[in-house]
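Data block below; observations after.
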Amino acid sequence: MTIAHDASERLMTPGEVAAMFRVDPKTVTRWASAGRIGSIRTPGGHRRFRESEVRTLLDGLTSEAHH
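So for the sequence shown, full-length UniProt numbering puts the first residue at 1; every next one is plus one.
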């Protein structure tokens, strides 16, 4: 199995990620800058986030909140 980016995987905008986490899009951008979540830069300089990575982070945060 290769670790290459799966072209079929959906990329999410900071706004979409923010809505999932119920935070401000600026918070999502800060997380990306801090390395908490991986981001992909589009040719236009916008950040995009892999849906699988977003869901993994979300699962991690929600499981922390339930302890």
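In this text, a Cβ means the ideal position worked out from N, Cα and C, and glycines have one as well.
Asked	Found
Short of 7 Å in beta carbon distance, which residues of its chain neighbour Leu58, apart from the five on each side in sequence? Order them along the chain.	Met20, Phe21
With distances taken between CB atoms, is the gap from Arg47 to Ala34 smaller than 7 Å?	no
Nearest CA to the CA of Gly15: which residue from Glu9, Ser8, Lys26?	Lys26
I need the straight-line Cα distance from Met12 to Phe49, nearest angstrom please.	5 Å
If you draw a straight line from the alpha carbon of Thr62 to that of Arg41, how long is it in whole angstroms?	27 Å
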